[in-house]
Amino acid sequence: MEYAVYAIASRNKNYVYVGLTNNLGRRLSEHNGGKNRTTKPYAPFTLIHKEYFPSRKEARVREKYLKSGIGKEFLKSLV
Numbered sequence: 217m218e219y220a221v222y223a224i225a226s227r228n229k230n231y232v233y234v235g236l237t238n239n240l241g242r243r244l245s246e247h248n249g250g251k252n253r254t255t256k257p258y259a260p261f262t263l264i265h266k267e268y269f270p271s272r273k274e275a276r277v278r279e280k281y282l283k284s285g286i287g288k289e290f291l292k293s294l295v
């Protein structure tokens, strides 16, 4: 199974969310549909970054990096 690490940016507010999933399309629909309590106030979203990994463990390492200070700076440069 392949895992995706992704970053989405709110279209209306200054907010970037980083997550991990095995079904990126479903997960984006959940975020934009207000089904996630954390991101609901910031919807709608635009996908700004995605990376695929063969294992959840590898994806989790990358997700943690993107949530760190240097990772956040990288993501802000994409917006």
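Following this note's numbering, the numbering of the sequence shown begins with 217 at its first residue and continues without gaps.
In this text, a Cβ means the ideal position worked out from N, Cα and C, and glycines have one as well.
query	result
Out of 228, 235 and 217, which one is the CA nearest neighbour of residue 261?	228
Thinking C-beta only, is residue 225 closer than 8 Å to residue 266?	no
Out of 244, 273, 293 and 233, which has the shortest C-alpha to C-alpha gap to residue 218?	273
Kindly provide the ranges of any beta strand (DSSP E) runs that are 3 or more residues long and lie completely inside the stretch 246-294, ordered along the chain.	261-269
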